[in-house]
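Input: a single structure, listed below in structure tokens.
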Amino acid sequence: MPGLPGLFGEKGLKGFEGYPGQPGQRGLPGAPGLSGLPGPSVNMTLTQLKDLMYLSDKPNYPLIQTLLDSLHQDLRLLMDPPDGSKEHPATTCLELWLCHPDYTSGMYYIDPNQGSPADALLAYCNFSGTAAHTCLHPRDAQMPTKAWLMDSETDSSFQWLSKQEQGFQFYYPGANVVQMRFLRLQSWRAVQKITYTCHPGHRLGLTDREVKFLTDTRRQSYLGALRDCIPGEEVDSLEPRESVFEFEDLNLLPVRDVAVFGGGNVTREFGFTIGPVCFS
């Protein structure tokens, strides 16, 4: 038969830590924390607004007008975005592009002064991948190649082509003084290209090379030099030769007239092609 149980032995060594058990159930949400300190206010006090709107106790009308114009513009774009039609013209091609990024380049109506759409003008909107250009084409872009100075005065002076027979100044439909002023205010750059064409047959003298381009101010002109029209027997082709002039000035463009120096060979035939003026 088994004997009586022996005495309890000493406590053994601590065993190894077991594997972690399964996660328990998610507890209930804790009580909401205390409210944080109030942040800075974006609103102006009446005193601050008065200080902003008044200078030396007189209304700051330019600032007030600027704020109202900005508010009016934002509301207009929100409530009635332009679509480039005669009834809903955009201010510029850039504004039209921002409202309709899916539009492709083409002819659209713009109204830079945002008055009545009755004076909106038709412009070519050139939408590239990163920019939008508002381009105004002259009504008559081609001054045909002919002997423009045949009937001009024989003295050595600049002869404006608009003063010659069948000559004209360059007119941009709808681009009146007011619209051009507002278009410049909403642009940062203007460019225009003009191409001179002549038929081979003679060489230009030193003064015959000089050319002037009348700017939109009618008081300032660009000066340039024409390429030589090499005689036909010195070239393989009798194709017309060209001189290309590119201008970039927001305040002076578009070009309105061209003058060449008279008193030389009045039989020489030449012409000009007037490119669009593009604002961006």
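Numbered according to our numbering, the sequence shown spans residues 1081 to 1360. Glycine is no exception: its CB is placed at the ideal position from the N, C-alpha and C atoms. Predicted, not measured: the structure shown is a model, and the values here were computed from it.
Proximity to residue i [Cα-Cα], best of the options
i	options	result
residue 1267	1189, 1342, 1330 and 1197	1330
residue 1230	1345, 1184 and 1106	1345
residue 1347	1160, 1226 and 1176	1226
residue 1201	1236, 1168 and 1321	1168
residue 1289	1209, 1236, 1357 and 1194	1236
residue 1170	1280, 1259 and 1305	1259
residue 1308	1292, 1287 and 1245	1287
residue 1174	1193, 1186 and 1205	1205
residue 1208	1195, 1193 and 1185	1185
residue 1271	1181, 1334, 1343 and 1164	1334
Cutoff 7 angstroms; reference residue i; Cβ partners in own chain excluding five residues on either side
i	result
residue 1146	none
residue 1121	Unreliable positioning characterises residue 1121 in this predicted model, as indicated by a pLDDT of 47, which lies under 50. The coordinate reading is nonetheless provided below. Around residue 1121: no qualifying Cβ.
residue 1119	Only weak support is given to the placement of residue 1119: the predicted model assigns it a pLDDT of 48, under 50, and the question is left unresolved by the model.
residue 1297	1332
residue 1166	1189, 1197 and 1200
Cut-off 6 angstroms between Cβ atoms - residues of its own chain near residue i, not counting five sequence neighbours on either side
i	result
residue 1354	1218, 1221, 1250 and 1274
residue 1265	none
residue 1224	1351
residue 1294	1301, 1336 and 1337
Distance CB(residue i)-CB(residue j) smaller than 8 angstroms
i	j	result
residue 1213	residue 1323	no
residue 1326	residue 1278	no
residue 1176	residue 1162	yes
residue 1356	residue 1216	yes
residue 1232	residue 1246	no
Neighbourhood of residue i by C-beta, 8 angstroms cutoff - its chain only, sequence neighbours within 5 removed
i	result
residue 1362	No answer is possible for residue 1362: it lies beyond the span of the chain, which begins at 1081 and ends at 1360.
residue 1256	1199
CB contact below 8 angstroms: residue i versus chain C
i	result
residue 1326	Annotation note: the requested chain C is absent from the structure, which comprises a single protein chain.
* To do: Please determine if the segment 1240–1257 and the segment 1330–1342 are in contact, where contact requires at least 3 C-beta pairs separated by less than 8 angstroms.
  => With the cut-off at 8 angstroms, the segment 1240–1257 and the segment 1330–1342 touch.
* To do: Return the chain-ordered ranges of every alpha helix (DSSP H) run that is complete within the segment 1242–1274 and spans a minimum of 4 residues.
  => Counting only runs of at least 4 residues, the segment 1242–1274 fully encloses the following alpha helix (DSSP H) elements, listed from N- to C-terminal order: 1257–1265.
* **Completely contained beta strand (DSSP E) runs for the segment 1158–1229, where each covers 3 or more residues** => Entirely contained in the segment 1158–1229, the beta strand (DSSP E) runs reaching 3 residues are, in chain order, 1186–1190, 1201–1207, 1212–1216 and 1222–1226.
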